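Residue numbers for the sequence shown follow this note's numbering, beginning at 2 and rising by one. Notes follow the structure.
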Amino acid sequence: MTNNQESRGLATLVSDLAQQVTTLLQTESRLLRAEMSEKISKAGAGAAEVLAGAICLLAALMVLLQALVIALASAGLGAGWSSLL
């Protein structure tokens, strides 16, 4: 009788172990998906900030180049030549 109870106890333990491992893997999978979703949204926000910075940098570069053209034209170089340089 003791052997039968031990067998049932062992079978129950193995069954419980399998169920708990399955539950753990499902929970970890949901957590991983949530974390990846959060990381992707943060990466998207970072990419948008980099793009906005690049646009501002391009606008500033255009203003500086125009100022250089005006300075060269004011220094006596023709407007066409100062634009080409």
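Just so you know, even glycine gets a beta-carbon here, dropped at the ideal spot from N, CA and C. This structure is a prediction, so every number in the text was calculated from the model and none was measured.
Cα atoms of L14 and V22: separation of roughly 12 Å, rounded to the nearest angstrom. Annotated three-state conformation of L78 is coil, per DSSP. In this structure, A80 lies near A74, with their beta-carbon atoms less than 9 Å apart. Contact between V70 and S84 holds, with the beta-carbon distance rounding to 5 Å and staying under 8 Å. Rounded to whole angstroms, the gap between the alpha carbons of A55 and A49 is 10 Å.
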